[in-house]
Amino acid sequence: MLTNPRRIMLLTSTMAIIALIVVAITIRLLYQTAFNEQRVRLQDYVSAQAILFEILNNNKSVNDLESILAKSPFKTLAVGEIESSLELTLARLVANKIEFLLPRVPSSKKSLDLSFNTSVALPMRMALNGNSGTVIGLDYQGVEVVAAFQFIPSLQLGVVAKIDMQEIRRPYVYVALVALVSTFLLLFIGAGLFRYLGSPLLESILEQESRLKSVLNTTVDAIITIDESGLIESFNSTAEKMFGYKASQVTGKNIRLLMPSDYARAHDGYLTNYITTGKKKIIGIGREVTAKTADGKPFPIDLAISETRFQKRRLFTGIIRDLSKYKEAQAELTKVEDEARLLRERLAHVDRIGTMGELATGIAHEINQPLAAIATYTQACIRFVESGTPLEDITETLDKVSEQAHRAGEVIRRLRNFIKKRESQRAQVNINLLIEEMVLFSQSDARLHNVRLDIQLANDLPLVNVDTVQIQQVILNLVRNGLEAMVNTPKQERLLVIHSQQDSEATLLISVRDQGHGINEKQSHLPFEPFYTTKNTGMGLGLAISRSIIVAHGGELHFCPNQPNGTDFHFSLPIVVNLTTHKDPLS
Amino acid sequence: MTDKTPIVFIVDDDAAVLDSIGLLIKSVGLEAKLFESAQSFLDSYSTKQSGCLVLDVRMPGMSGLDLQVKLIALGCILPIIFITGHGDIPMAVKAMQYGAVDFLQKPFRDQELLDRVQNAIEEDFQTRSQHFEKHSIEQRLAALTEREHQVLDMIIAGKANKLIAADLKLSQRTIEIHRAHILEKMQTRSLAHLVRMIMMVSD
């Protein structure tokens with residue numbers, strides 16, 4: 028893996044090499060052109076000199092070579108270019124020795140003459156061999172030169188015009204050096220600039236990446252990526268903890284590894300099915316499934332899958348949440364709720380029995396009424412029979428007797444129904460029917476207390492899903508409290524209103540309003556406290572139980588002062604939304 | 005002054021009980037009128053109507069006892085038979101103190117009720133005739149002159165004509181004439197009857 032500074036180094040040097048190659052090729056081409064031009068020039072020059080020698084020679088004798096040389100313009104020509112190494116040499120072969128006529132050497136200095144077998148003075152040797160042309164080689168001084176040579180047969184002279192290779196090369200070497208230095212300089216500046224401008228960008232990308240990584244690895248959800256064939260591409264650290272595999276162990280393996288066998292078998296099918304049909308069954312939806320740890324232990328998870336499409340392929344990312352703890356908590360909660368429900372039912376039952384005890388006088392009256400009527404009717408019947416009254420009248424009276432017997436039976440049925448110990452059962456009912464039935468219970472009680480009952484029920488109320496006995500118990504509790512609160516109220520003012528109405532889109536409100544002593548503000552927190560009572564009899568559980576019943580039904584029980592006197596107790600109940608039966612969460 | 009046929013008024017808020025008692029009363033040939041509340045009875049009843057009242061003690065609104073108190077205030081003498089489902093002793097005592105004829109507990113034997121109804125009607129009849137007699141004596145008394153009243157008082161006091169004449173500084177003959185007028189106006193011939201009549205109205 029390359030570190031980022033190294034990447035930059037590599038990038039920079041690659042660019043430098045490319046730049047240098049380009050420069051080198053360019054310089055080479057230019058040099059070639061210049062070199063060829065020089066050769067042509069040298070050749071032209073040598074030819075011109077050769078022709079000149081021949082012309083001079085036609086006028087003078089060969090022996091007079093010295094004078095020709097003395098008058099010749101060679102020298103001027105030879106030094107025609109200032110600071111140039113261009114030189115014209117002239118030599119002849121004398122006894123297998125090369126005798127140089129040009130350049131002239133002062134007598135004090137050593138002669139330039141060379142043996143013909145020498146390794147230097149290649150152009151002159153080629154000329155003296157009778158050739159003409161151009162060549163690169165060492166001159167008489169052993170310096171590498173470019174030379175043009177020609178043999179003048181009439182004079183038996185070799186003419187060579189040469190120029191130092193070094194001289195031709197020098198500007199190009201110079202340019203190459205400048206190019207090299209400036210390339211490195213520019214690259215250095217460029218790299219610096221790149222670093223300066225690019226590194227914040229790079230850093231932010233790196234930061235982004237590390238942030239993403241840390242999120243992936245610190246998230247409470249396991250995140251696993253697979254490719255189209257189901258092979259695992261990434262496996263975050265939470266996934267490692269959750270499944271008990273190391274990322275390196277599972278990368279590249281099929282995701283089936285993490286599934287219980289029955290699901291694993293079907294998984295490839297799901298994947299190919301999706302890829303071929305494009306029908307989404309889980310993608311973007313999420314669902315609860317079972318996964319398997321490295322130990323082979325199954326556990327419940329919540330799985331959400333998203334799809335990422337690239338140009339050539341796609342990836343599936345699964346976000347997995349372990350539901351084991353949630354499930355355990357849920358089970359625990361259900362257990363606690365069940366216990367609370369049982370307790371509430373037991374308490375409610377105790378309360379109902381207690382209430383019935385307190386209501387005994389009223390209930391006795393309720394049963395006594397039809398009994399009295401039955402007794403009186405039958406006695407009247409006997410008299411009718413004795414007096415020979417028409418049978419029709421007697422039958423009519425006997426019908427009434429039967430009716431009253433049913434009435435007494437009904438009271439007893441309701442009573443038994445009310446105090447029977449039972450499991451919570453919910454039904455969809457019209458609350459008004461419950462109230463009306465409860466009023467039958469309360470009427471005798473109200474009579475005992477000399478209280479007038481005013482039942483104000485709204486028509487066409489939507490249904491509520493309730494435990495009828497429990498709700499009746501609440502109503503009865505509230506009514507009895509109301510009645511008892513009015514003991515000290517003047518008789519003509521004793522009025523108890525039971526009112527039902529639709530309170531909002533979703534709730535009904537049932538109110539029980541008395542004209543009694545009311546509840547003062549200081550005590551306003553007390554009525555719902557268990558064992559708080561203002562009565563001589565009773566346990567003080569009625570309101571506490573009533574509230575817990577209403578809360579279990581998803582409603583609320585409150586009270587406020589009633590006008591002009593007394594208290595208004597009211598409770599709400601949620602309306603049944605649709606007619607499809609839904610499971611009671613408490614039962 | 006009093007309607008002849010006695011009527012048994014029955015007030016009970018329980019329709020079945022009301023109906024059955026009504027039936028029982030009618031089965032012995034008595035006339036019965038039924039009311040489901042004390043107020044509706046009060047609204048339609050005229051004190052001139054003789055008979056008796058069978059009344060439920062506990063009723064919503066105006067109770068039986070409330071009705072009894074109201075009737076007394078109106079000067080109604082209709083005898084009341086209370087019926088109750090509760091056998092409430094303090095209430096029974098109170099009712100009796102106010103002059104109820106009787107107190108029956110539901111359910112009751114038919115004969116018990118009928119006997120009491122008969123008694124009550126009888127009692128009502130007696131009371132009403134007494135009232136009637138008292139009323140006519142008072143009317144007769146009103147016809148006496150002032151002097152005749154003076155003389156009457158002295159006769160009741162047991163004074164002889166001679167003494168009365170002396171006290172009033174009148175002749176004995178004049179007193180005798182007054183005495184004859186008094187007996188005539190009071191529609192009696194015996195002194196003993198006259199004294200009884202005066203005793204009747206003077207309490």
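Quick mapping for you: the protein sequence lines, in order, are chains A and B. If you read the first sequence in my numbering, its first letter stands for residue 28, the second for the next number, and so on. If you read the second sequence in my numbering, its first letter stands for residue 5, the second for the next number, and so on. Backbone N, C-alpha and C fix where the C-beta goes; we use that ideal spot for every residue, glycine too.
Note down, in chain order, every chain A residue with its Cβ under 8 Å from the Cβ of residue i.
i, result
"B:G89", "A391, H392, N395, Q396 and A399"
Could you list which residues in chain B have their beta carbon closer than 7 Å to that of residue i, in chain order?
i, result
"A:N477", "S67"
"A:Q406", "L28 and D114"
"A:Q431", "A20"
Is residue i near residue j, with beta carbons less than 8 Å apart?
i, j, result
"A:L536", "A:S599", "yes"
"A:V200", "A:K189", "no"
"B:F13", "B:V73", "no"
"A:A473", "A:Q528", "no"
"A:V466", "A:L523", "no"
"B:K138", "B:V205", "yes"
"A:I48", "A:A203", "no"
"A:M269", "A:A291", "no"
"A:G311", "A:D329", "no"
"A:Q470", "B:D18", "no"
"A:L141", "A:I125", "yes"
"A:L120", "A:L155", "yes"
"A:T278", "A:T265", "no"
"A:A444", "A:V496", "For clarity, residue 444 of chain A is Asn in the given sequence; the question names Ala instead. A contact, by the Cβ cut-off of 8 Å."
"A:A391", "A:Q431", "no"
"A:P150", "A:F176", "yes"
Could you tell me which chain B residues have their CB closer than 8 Å to the CB of residue i, listed as they occur along the chain?
i, result
"A:F411", "S31"
"A:A387", "Residues of chain B passing the Cβ test: none, with the nearest at roughly 12 Å."
"A:T424", "L27"
"A:K354", "Neighbours of A:K354 on chain B: none; closest Cβ ~58 Å, over 8 Å."
If residue i and residue j are in contact, beta carbons under 8 Å, what's the gap, nearest whole angstrom?
i, j, result
"A:S538", "A:H597", "4 Å"
"B:R151", "B:K189", "Between B:K189 and B:R151 the Cβ distance is about 12 Å, and since that is not below 8 Å, they are no contact."
"B:L34", "B:V121", "7 Å"
"A:A318", "A:I347", "7 Å"
"A:E494", "A:Q452", "Note that residue 494 of chain A corresponds to Asp in the displayed sequence, not to Glu. The Cβ separation is near 6 Å, so the contact holds."
Output, in chain order, the set of chain A residues within a Cβ distance shorter than 9 Å of residue i.
i, result
"B:P111", "N395, L398, A399, A400, I401, A402 and T403"
Could you name the residues of the same chain whose beta carbon sits closer than 8 Å to that of residue i, not counting the 5 residues immediately before and after it, in chain order?
i, result
"B:D128", "P10, S54, G55, C56, I81, L82 and P83"
"A:V603", "Q455, P489, L490, V491 and N492"
"A:I446", "H376, R379, I380 and M383"
"A:V412", "I421"
"A:F62", "V173 and I195"
"A:P417", "none"
Ignore the nearest five residues each way along the sequence and tell me which others in residue i's own chain have a CB closer than 6 Å to its CB.
i, result
"B:A104", "I84 and F86"
"A:G582", "F598, S599 and L600"
"B:N156", "Sequence check: residue 156 of chain B is Leu here, not Asn. Answer for B:L156: I186, listed in chain order."
"A:Y72", "A188"
"A:T103", "No answer about A:T103 holds up, because its pLDDT of 42 lies below 50 and its placement is not dependable."
"B:G89", "K110"
"A:F343", "I253, I332 and E334"
"A:Q261", "Sequence check: residue 261 of chain A is Ser here, not Gln. Correct list, in chain order: T252."
"A:S40", "none"
If I measure Cβ to Cβ from residue i and keep anything under 7 Å in the same chain, skipping five residues before and after, which residues do I get?
i, result
"A:V106", "The predicted position of A:V106 is uncertain, since its pLDDT is 41 and thus under 50; a value taken from the coordinates is nonetheless stated next. Contacts found: none."
"A:A533", "P601 and I602"
"A:A512", "D541, G543, H544, G593 and T594"
"A:E108", "Note that A:E108 scores a pLDDT of 49, beneath 50, so its modelled location is shaky; the value from the coordinates is reported in the next line. Once the five neighbours on either side are set aside, A:E108 has no close Cβ partner at all."
"A:E194", "S111 and S112"
"A:P287", "T317, K319 and P325"
Could you tell me which chain B residues have their CB closer than 9 Å to the CB of residue i, listed as they occur along the chain?
i, result
"A:A512", "In chain order: nothing, as chain B lies at least about 18 Å away."
"A:R474", "D17, R62, M63, P64 and S67"
"A:K427", "A20, D23, S24 and L27"
CB of residue i to nearest heavy atom of the ligand GTP: below 7 Å?
i, result
"A:T495", "This structure does not include the ligand GTP; it has no bound ligands of any sort."
Ranges of the alpha helix (DSSP H) found wholly within the region 217-303 of chain A, counting only runs of at least 4: 264-270 and 274-277
Every unbroken beta strand (DSSP E) inside the region 153-189 of chain A [3 residues or more]: 160-165 and 171-179
Residue ranges of each alpha helix (DSSP H) within the region 30-75 of chain B, 4 or longer: 42-48
Runs of beta strand (DSSP E) wholly within the region 401-432 of chain A (minimum 3 residues, chain order): none
Unbroken stretches of the alpha helix (DSSP H), 4 residues or longer, contained in the region 479-546 of chain A: 495-512
Every unbroken beta strand (DSSP E) inside the region 94-133 of chain B [3 residues or more]: 106-109
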